[in-house]
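First residue of the sequence shown: -1, per the working numbering; consecutive thereafter. A virtual CB, placed ideally from N, CA and C, is assigned to each residue, including glycine. Remember, predicted model here, so these are calculated numbers, not experimental data.
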Amino acid sequence: MNCDILITNGLVKTSEKPNPGHSSFVAIRDGLIILIGTMAELPAQIKAMKTIDAWGCLVMPGLINTHNHSAMTLFRGLADDLPLMIWLQEHIFPAEAKFVSREMVYWCSKLAAAEMIGSGTTTVADGYFFEEEAARAFKESGLRAVAAQGIIDFPAPGVPDPADNIKHAARFIDRWQDDKLVTPGVFCHSAYTCSGQTIKKGKELARRAGCRFFIHVAETRDEAAQSLKQHQVSPVRYLDQLGVLDEGTVCVHCVWLDDDDIEIIRDSGASVASCPKSNMKLAAGIAPVDKLLKADIPVGLGTDGCASNNNLDMFGEISTAAKLHKVNRLDPTLLPAGRVLAMATSGGAAVLGLQETVGELAVGKLADIIIVDLQKPHLTPMYNVDSMLAYAASGSDVKTSIINGRLVMDNYRLQTIDLAEVIARVNSLAHQVRKAT
Ligand SMILES: [Zn+2]
């Protein structure tokens, strides 16, 4: 038997054995996991192009970030500690109007890809302008992505006339429709930057193309109040009235929901991307994730753009989610470690419609695998894998990463990205930002 990559001697975390006890192997061929077993079951005749010895390591599914604006790495730390609307309207939107270009989106998305691969993310859902450049950066980096062209009803980078925004998104989808690594999507920014007509057209486009439709929903109290004033209903009910909530819609944030909103989301089949660190930093509030999960709504975790986070480490998001909801309800039994980890793996895959192919280690699934180095003081001893991953590990413990059967990070070294060049390019763009602000 031949395979491309053979991972040996590791503790392999599968759905059946989330707390593995025996040294095991994973065999990968043509991008797929073809065999998993204990070392005692390893076929003697197996031949591998590359063997990775994972002794002392945990082999687990790669993490799935369900919401990001990758190119915003340029604005990391540019404006902090401000209310969302001031942050957005006085800092981020003007900086975007001035500095977002093809070149900026390409290099800053590549920087984000380096950070994500380096910290264990193997799939990202991204939404921004010049999204074709982000998609190109992800593809070259070997990072799996659901990339969605941003749509707003005012002049945007790459789309000077808002009347063209849907056409532009349609062209993006056509270009990426058949790609193996990058799945196209549609991202209408929000109900306060897009008209009802635009949101309906964006969703129609996503439905026609069979792709995911993302929209920021009920992020802040002000947004919810504005919706009541303008549309006489909550943000969720407004989207429901527009007819855009269904299995293909991902509602991002969902902080300000009442019980009726949760029922509407559940009945529609839509899913939620929760971004706890971004919501905390912008003091937007705490999403009722415990209630969403109780209602069986698919919920994934997202970092959001790193201007409001300020990093893309999904381990940080897992740890934050696991603790935030406990303290919010004063209930330490809420969102246990394994449940939150599932949100960042199989749950995230479900949110993005990729549950058939990624999100767990199993024969026949795509080989999106990370190897976590356990030989660290803060990861010793290990009684329970989920507890260690949710409460003690961080992205810097990820040693090796494989996406779609391709080795993208080997023993802490990125294989697909020239990191020195990317850092130099982004620093030179940041120099221009610094001069102008
Ligand atoms: Zn966002």
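Item	Value
CB contact flag (A111, F136, <7 Å)	yes
R327 to A38 span [Cα, whole Å]	46 Å
Distance CB(I197)-CB(L240) smaller than 7 Å	yes
Residues sharing a beta bridge with H214, DSSP	S188, V250
Local Cβ density within 10 Å of P296, reported as buried at 16 or more and exposed below that	buried
Residue environment, F152, which counts as buried when at least 16 other CB atoms sit within 10 Å	exposed
Segment limits, alpha helix (DSSP H) that includes N17	It is not in any alpha helix (DSSP H) - N17 carries neither H nor E in the DSSP assignment.
Any non-hydrogen atom of ligand 1 within 6 Å of D302 CB	yes
7 Å CB neighbourhood of M407 in its chain, flanking five on each side removed	I115, G116, T398, S399, Q413
Residues of its chain near Y104, where Cβ-Cβ distance is below 7 Å and the 5 sequence neighbours each way are ignored	E131, R134, A135
For H187, the nearest candidate out of A216, L179, T181, E113 (CA to CA)	A216
Counterpart residues of L405 in DSSP-defined beta bridges	I400
Contact under 7 Å by Cβ, D51 with N7	yes
Nearest to L243 (by Cα), restricted to the options G267, S225, P233	G267
CB-CB length for L339 against L387, believed under 8 Å	6 Å
Beta-carbon proximity of L109 to V420, cut-off 7 Å	yes
Bridge-paired residues (DSSP) for R27	L30
Start and end residues, alpha helix (DSSP H) containing Y410	That residue, Y410, is in no alpha helix (DSSP H); it is neither H nor E in DSSP.
Completely contained alpha helix (DSSP H) runs for the segment 300 to 344, where each covers 4 or more residues	312 to 327, 335 to 341
Same chain, Cβ closer than 8 Å to T218, five either side skipped, listed in chain order	L82, M83, V253, W254, L280, A282, G283
Within the segment 78 to 163, ranges of the beta strand (DSSP E) (whole runs, at least 3 residues)	119 to 126, 142 to 149
DSSP state of K11 mapped onto helix, strand, coil	coil
Identified DSSP bridge partners for P463	Missing from the structure shown is residue 463; the chain here goes from -1 to 435 and no further.
Rounded straight-line distance, which links the Cα of G29 to that of D238	39 Å
Distance between L359 and L350 (C-alpha atoms, nearest Å)	17 Å
Assigned exposure category for R337 - 16 Cβ within 10 Å defines buried	buried
Whether G148 touches G125 by CB criterion (7 Å)	yes
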